[in-house]
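Participant: Here it is: the structure, laid out below.
Number of protein chains: 2
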Amino acid sequence: MGAKVNANFEALQANYLFAEVNRRVKEYQKAHPEADVIRMGIGDVTRPLAKSVVAAMVKASEEQGQAETFHGYGAEQGYEFLKDALRKYYAGFGVSLENDEIFISDGAKSDCGNILNIFSADNTVLVPDPVYPVYVDTNVMDGRNIVYMPSGEENGFLPMPDEKLEGDIIYLCSPNNPTGAVYNREQLTEWVDFANRHGSVILFDAAYECFVTGDLPHSIYEIPGAKTCAIEICSFSKKAGFTGTRCGYTVVPMDLVREETSLNAMWLRRQCTKFNGTAYIVQRGAEAVFTPEGEKETEENLEYYRGNAKVITDTLDRMGIFYTGGKNSPYIWFKCPKDMDSWEFFRELLEKAHVVGTPGAGFGACGQKFFRLTAFSTRENTIEAMRRLEEMFG
Amino acid sequence: MGAKVNANFEALQANYLFAEVNRRVKEYQKAHPEADVIRMGIGDVTRPLAKSVVAAMVKASEEQGQAETFHGYGAEQGYEFLKDALRKYYAGFGVSLENDEIFISDGAKSDCGNILNIFSADNTVLVPDPVYPVYVDTNVMDGRNIVYMPSGEENGFLPMPDEKLEGDIIYLCSPNNPTGAVYNREQLTEWVDFANRHGSVILFDAAYECFVTGDLPHSIYEIPGAKTCAIEICSFSKKAGFTGTRCGYTVVPMDLVREETSLNAMWLRRQCTKFNGTAYIVQRGAEAVFTPEGEKETEENLEYYRGNAKVITDTLDRMGIFYTGGKNSPYIWFKCPKDMDSWEFFRELLEKAHVVGTPGAGFGACGQKFFRLTAFSTRENTIEAMRRLEEMFG
Numbered sequence: 001m002g003a004k005v006n007a008n009f010e011a012l013q014a015n016y017l018f019a020e021v022n023r024r025v026k027e028y029q030k031a032h033p034e035a036d037v038i039r040m041g042i043g044d045v046t047r048p049l050a051k052s053v054v055a056a057m058v059k060a061s062e063e064q065g066q067a068e069t070f071h072g073y074g075a076e077q078g079y080e081f082l083k084d085a086l087r088k089y090y091a092g093f094g095v096s097l098e099n100d101e102i103f104i105s106d107g108a109k110s111d112c113g114n115i116l117n118i119f120s121a122d123n124t125v126l127v128p129d130p131v132y133p134v135y136v137d138t139n140v141m142d143g144r145n146i147v148y149m150p151s152g153e154e155n156g157f158l159p160m161p162d163e164k165l166e167g168d169i170i171y172l173c174s175p176n177n178p179t180g181a182v183y184n185r186e187q188l189t190e191w192v193d194f195a196n197r198h199g200s201v202i203l204f205d206a207a208y209e210c211f212v213t214g215d216l217p218h219s220i221y222e223i224p225g226a227k228t229c230a231i232e233i234c235s236f237s238k239k240a241g242f243t244g245t246r247c248g249y250t251v252v253p254m255d256l257v258r259e260e261t262s263l264n265a266m267w268l269r270r271q272c273t274k275f276n277g278t279a280y281i282v283q284r285g286a287e288a289v290f291t292p293e294g295e296k297e298t299e300e301n302l303e304y305y306r307g308n309a310k311v312i313t314d315t316l317d318r319m320g321i322f323y324t325g326g327k328n329s330p331y332i333w334f335k336c337p338k339d340m341d342s343w344e345f346f347r348e349l350l351e352k353a354h355v356v357g358t359p360g361a362g363f364g365a366c367g368q369k370f371f372r373l374t375a376f377s378t379r380e381n382t383i384e385a386m387r388r389l390e391e392m393f394g
Numbered sequence: 395m396g397a398k399v400n401a402n403f404e405a406l407q408a409n410y411l412f413a414e415v416n417r418r419v420k421e422y423q424k425a426h427p428e429a430d431v432i433r434m435g436i437g438d439v440t441r442p443l444a445k446s447v448v449a450a451m452v453k454a455s456e457e458q459g460q461a462e463t464f465h466g467y468g469a470e471q472g473y474e475f476l477k478d479a480l481r482k483y484y485a486g487f488g489v490s491l492e493n494d495e496i497f498i499s500d501g502a503k504s505d506c507g508n509i510l511n512i513f514s515a516d517n518t519v520l521v522p523d524p525v526y527p528v529y530v531d532t533n534v535m536d537g538r539n540i541v542y543m544p545s546g547e548e549n550g551f552l553p554m555p556d557e558k559l560e561g562d563i564i565y566l567c568s569p570n571n572p573t574g575a576v577y578n579r580e581q582l583t584e585w586v587d588f589a590n591r592h593g594s595v596i597l598f599d600a601a602y603e604c605f606v607t608g609d610l611p612h613s614i615y616e617i618p619g620a621k622t623c624a625i626e627i628c629s630f631s632k633k634a635g636f637t638g639t640r641c642g643y644t645v646v647p648m649d650l651v652r653e654e655t656s657l658n659a660m661w662l663r664r665q666c667t668k669f670n671g672t673a674y675i676v677q678r679g680a681e682a683v684f685t686p687e688g689e690k691e692t693e694e695n696l697e698y699y700r701g702n703a704k705v706i707t708d709t710l711d712r713m714g715i716f717y718t719g720g721k722n723s724p725y726i727w728f729k730c731p732k733d734m735d736s737w738e739f740f741r742e743l744l745e746k747a748h749v750v751g752t753p754g755a756g757f758g759a760c761g762q763k764f765f766r767l768t769a770f771s772t773r774e775n776t777i778e779a780m781r782r783l784e785e786m787f788g
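See below:
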């Protein structure tokens, strides 16, 4: 007798990647308080919320102060007004969804971890390498078997299906974190066909879809057949600067059935049991993103970040360094100069250029020689960081 | 090959209790659109947020609209300003906590489900019967062995430890949902001693502590020895009307260790991996609850609900019906008149008095003959509902 802990936690790496980066930066700053450190590591935004979003949240806060307009518990899966807005947003990509297929949450990271509740621990999970560490850690916590799909320069960091691979649950992230690489329609079609053929479920992380331009897919549901094999997780964090405001959503199609069980019904049950909905105020803010004014304002912010990304890719182009991302993604993933290892380059860049990025090795073995920068800094800092990079390593 | 679902979900009851209640009420209203139905079922509040809370959220929303005051990702475990306020709140009960022992979240229901991530599926769980269905359902989803502790009139719905009981994880809820019964210091001391003797972990749900008056404990940490055996989960939902604003917190003491593992470190790791913090705006609202003005305003709301509870208990006293709760709790748990079963009484009360409550059977076998009403309605509706109850069954 006595409580037993989840022994799978022992298999987790000791430090969460970004915590380790922060620890090293703090240590350096303590020793060198004069250094003007520019942070281009974590994927946090810097632009404030759009005026329409702020106005909607102010109004909603005031509603909460009056008995006539007060909102208590909402549906765990979110308000219809926000689902309506999202349904119309998806219609813009030619994707037709029902409101009951959309689940509003406090963010993509929560959904990404919690969605695993509906799956057995006895599933083999296929994850790209390099990859957002949360995919791996959340599965390690449940003790699932994890198989990595290596990627690199040879496939543009876009692993493709392989009949030799076993994967009951398949993580795809496009635009990818950390590589910024984006699957095109033909590539995603191969994945959807593979998953339907094998009964796999694709967990499609679309957190960066707002950076996609041209004919590249925003949603996996743009691919025929995806509704019988894919769950899509998305967020307002990057689209509308909600990193500190917290709102995301997950789409589980009605047609997605495994072992004669509706995954939509399972996720609804999970959320109704372990979640109590997202703040009314926040959902009103998210709704305002889709008003004409809100769309214009958020698009201005995205353009600003796209401009930062161009500053970075222009620099790398001049330096002749291989990279992915930056065109349809806020992430730029490049090969470390002078064949350095990524943590070695992290130290050099921090100590010599006072620029913080994220070492590729933190995202998996295939990231060993690569480095991630983000376009979420200010324009001034991005220009200055790139000036220093070119000066040191150009 | 092919994704396998979590087979434990099959063992869940088909409908979540409150969904079933809602379904039946909707059905009745559809057939009888003229009926003036008063809802005293779900534990949702009706009083608007305190003025200070609204003002804090309006200010925080506006901060999010300016680059200089914009807040992106915060720490997963919450802002220090809110932890400081909570630490001082606990000090008022004579409980000394460190900030790192407090984890802010989007609500007690989320924490109550997610905390199980840090425990092995191989634990026996001890739950009172009747009980908040979420304790049971979340453990069923993980396939844990559940043992019920029967309670009833004989022990005032306050089950006590018994050396014959095996419980690695023990749920206690005080003031209790659904019975409103509150453990006193001596009783909680017995539980703490039992847990420390057996290495059990108590999950103490304090969601209704704000209704406690007199010398009854608000927090399990008022009991010596609790920091080596208890996790406490609490919420702003009832205290400050945050049911739709979403903020809660969980305390995991540094001294709580099982199998040589710090549960505080495990919960921190869980939250850092599967959660991304609570909205900045909401945390600022929660902070304002603890300002002198905020305390006064929220206390006024609590007094209003206490007045409703008194209307209910006065009626039951007059009718000579056995009940628990209502004195230090927003819930009143009473024996169904005429020896009726609780779903039978639910139907009678709905059809004859047009009053909605929650059938005790929905909370467990021991609730079969009992019924729960809440004090969260308006004063007018509470008085009218009690008039009808007394008229029909008095």
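Chain order of the listed sequences is A and B. Its first residue numbered 1, the first sequence is counted upward by one per residue in this note's numbering. Its first residue numbered 395, the second sequence is counted upward by one per residue in this note's numbering. The C-beta atom is built at its ideal place from N, Cα and C for all residues, glycine as well.
So the alpha helix (DSSP H) residue 542(B) belongs to, where does it begin and stop?
Facilitator: It is not in any alpha helix (DSSP H) - residue 542(B) instead sits in the beta strand (DSSP E) that spans 539-544.
Participant: Any beta carbon of chain B sitting closer than 9 Å to that of residue 258(A)?
Facilitator: Cβ-Cβ to chain B under 9 Å: yes for residue 258(A).
Participant: How is residue 749(B) classed by DSSP in three states: helix, strand or coil?
Facilitator: Correct three-state label for residue 749(B): strand.
Participant: Taking 7 Å as the limit between beta carbons, can you name the residues of its chain near residue 530(B), skipping five residues before and five after?
Facilitator: Closer than 7 Å at the Cβ level, and outside the excluded window around residue 530(B), lie 521, 540.
Participant: Could you pull the start and end residues of the alpha helix (DSSP H) that residue 60(A) belongs to?
Facilitator: Unbroken alpha helix (DSSP H) run through residue 60(A): 51-63.
Participant: Is DSSP giving residue 492(B) helix, strand or coil here?
Facilitator: In this structure, residue 492(B) counts as coil in the three-state DSSP scheme.
Participant: In angstroms, rounded to a whole number, what distance separates the CA positions of residue 424(B) and residue 431(B)?
Facilitator: Distance between the alpha carbons of residue 424(B) and residue 431(B): 12 Å.
Participant: Runs of 4 residues minimum, wholly inside the region 204-233 of chain A: which ones carry the alpha helix (DSSP H) assignment?
Facilitator: The qualifying runs do not exist here; there are none.
Participant: Rounded to the nearest angstrom, what separates residue 503(B) and residue 288(A) at their Cα positions?
Facilitator: If I take the Cα positions, the gap works out to 28 Å.
Participant: Assuming the contact rule is C-beta atoms closer than 8 Å, residue 319(A) and residue 199(A) should be a hit. Round their C-beta distance to whole Å, please.
Facilitator: Rounded, the Cβ-Cβ distance is 46 Å, inconsistent with contact.
Participant: Name, in chain order, the residues that DSSP records as bridge partners for residue 596(B).
Facilitator: Residue 596(B) pairs with 564(B), 624(B).
Participant: In the structure shown, what three-state DSSP assignment does residue 523(B) receive?
Facilitator: In this structure, residue 523(B) counts as strand in the three-state DSSP scheme.
Participant: With a threshold of 9 Å between beta carbons, is residue 192(A) in contact with chain B?
Facilitator: It does not; no Cβ of chain B falls within 9 Å.
Participant: To the nearest angstrom, how far is it from the Cα of residue 553(B) to the Cα of residue 636(B)?
Facilitator: The alpha-carbon atoms of residue 553(B) and residue 636(B) are separated by roughly 30 Å.
Participant: Would you kindly report the start and end of the unbroken alpha helix (DSSP H) that includes residue 324(A)?
Facilitator: No alpha helix (DSSP H) contains residue 324(A), which is instead part of the beta strand (DSSP E) from 323-325.
Participant: Thinking residue 396(B) and residue 258(A) are a contact (beta carbons under 8 Å), I'd like their distance in whole angstroms, please.
Facilitator: Confirmed, about 7 Å.
Participant: Who does residue 643(B) pair with in a DSSP beta bridge?
Facilitator: Residue 643(B) is bridged to 498(B), 628(B).
Participant: The beta strand (DSSP E) with residue 768(B) in it runs from where to where?
Facilitator: Counting along the chain, the beta strand (DSSP E) containing residue 768(B) begins and ends at 764-768.
Participant: Using a Cβ-Cβ distance under 9 Å, would residue 628(B) count as near chain A?
Facilitator: False, the Cβ-Cβ gap to chain A never drops below 9 Å.
Participant: Could you tell me the alpha carbon to alpha carbon distance between residue 548(B) and residue 558(B), rounded to whole angstroms?
Facilitator: The alpha-carbon atoms of residue 548(B) and residue 558(B) are separated by roughly 19 Å.
Participant: Would you mind working out which of 433(B), 733(B), 724(B), 777(B) sits nearest residue 605(B), comparing C-alpha positions?
Facilitator: Residue 605(B) has its Cα closest to that of 724(B), out of 433(B), 733(B), 724(B), 777(B).
Participant: Where do the N-terminal and C-terminal ends of the beta strand (DSSP E) with residue 335(A) fall, by residue?
Facilitator: First-last of the beta strand (DSSP E) with residue 335(A): 331-335.
Participant: Residue 48(A) versus chain B: which residues are under 9 Å apart at the beta carbon?
Facilitator: Within chain B, the residues near residue 48(A) are 457, 458, 459, 460, 461, 462, 463, 464.
Participant: Around the C-beta of residue 673(B), are 16 or more other C-beta atoms found within 10 angstroms, so that it is buried, or is it exposed?
Facilitator: That one is buried.
Participant: With distances taken Cα to Cα, identify the nearest neighbour of residue 90(A) among 220(A), 333(A), 347(A), 263(A).
Facilitator: Looking at the Cα atoms, 220(A) is the closest of the given residues.
Participant: Can you check which of these residues, 444(B), 571(B), 737(B), 435(B), is closest to residue 689(B) by C-alpha distance?
Facilitator: The shortest Cα separation from residue 689(B) among 444(B), 571(B), 737(B), 435(B) belongs to 444(B).
Participant: For chain A, find out if any of its Cβ atoms is closer than 9 Å to the Cβ of residue 757(B); answer yes or no.
Facilitator: Judged by the 9 Å Cβ criterion, residue 757(B) is not in contact with chain A.
Participant: What would DSSP say about residue 685(B), mapped onto helix, strand or coil?
Facilitator: It is coil, neither helix nor strand.
Participant: What are the residues in the region 622-648 of chain B lying within 7 Å of chain A by C-beta distance?
Facilitator: Hits within the stretch, in order: 637, 638, 639, 640.
Participant: Residue 53(A): beta carbon under 8 Å from a heavy atom of the ligand ADP?
Facilitator: The ligand ADP is not part of this structure, which contains no ligands at all.
Participant: Quick check on this structure: which residue in 208(A), 358(A), 290(A), 97(A) has the alpha carbon closest to the alpha carbon of residue 305(A)?
Facilitator: Comparing Cα positions, the closest option is 208(A).
Participant: Which two residues bound the contiguous alpha helix (DSSP H) that contains residue 84(A)?
Facilitator: 80-91 is the span of the alpha helix (DSSP H), which, as asked, contains residue 84(A).
Participant: Measuring straight from C-alpha to C-alpha, what distance separates residue 277(A) and residue 105(A)?
Facilitator: Those two C-alpha atoms are separated by around 7 Å.
Participant: If distances are taken between C-alpha atoms only, which option among 25(A), 112(A), 162(A) comes closest to residue 173(A)?
Facilitator: Ranking the options by Cα distance to residue 173(A), first place goes to 112(A).
Participant: Under 9 Å, do residue 251(A) and residue 119(A) count as touching if we go by C-beta distance?
Facilitator: Cβ distance not < 9 Å, so residue 251(A) and residue 119(A) don't count as in contact.
Participant: How should residue 494(B) be labelled, buried or exposed, when 16 other C-beta atoms within 10 angstroms of its C-beta is the threshold for buried?
Facilitator: Its Cβ having fewer than 16 others within 10 Å, residue 494(B) is exposed.
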